[in-house]
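Data first, discussion second: the structure below is written as structure tokens.
Numbering (our numbering), first residue to last: 12 to 79.
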């Protein structure tokens, strides 16, 4: 299975959506919504903002590896 490197993040504050490239060598703990400027952090139990707010989980999770 090929790893997907793009994910659409949806801001839980304002609903704004944007497709972003996910890093393959690090977890992204913070993400600032370009619309409302809310700084997103992962939900409890998630390793990064892509796993919490993205349409696709981060690459390590897709590959069944531990993240971070």
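Note that beta-carbon positions come from the ideal geometry of N, C-alpha and C, so glycine has one too. In this text, all values refer to a predicted model and were calculated from it rather than measured experimentally.
Annotation for residue 57: 63 place their beta carbon closer than 7 Å to its own, counting only its chain and skipping 5 residues before and after. Between residue 30 and the set 36, 20 and 37, the nearest pair of CA atoms involves 20. Separation of residue 49 and residue 24 (C-alpha to C-alpha, rounded to the nearest whole angstrom) is 7 Å. Counting C-beta atoms within 10 angstroms of its own C-beta, residue 65 has 16 or more neighbours from the protein chains shown and is therefore classed as buried. The DSSP-derived three-state label of residue 72 is helix.
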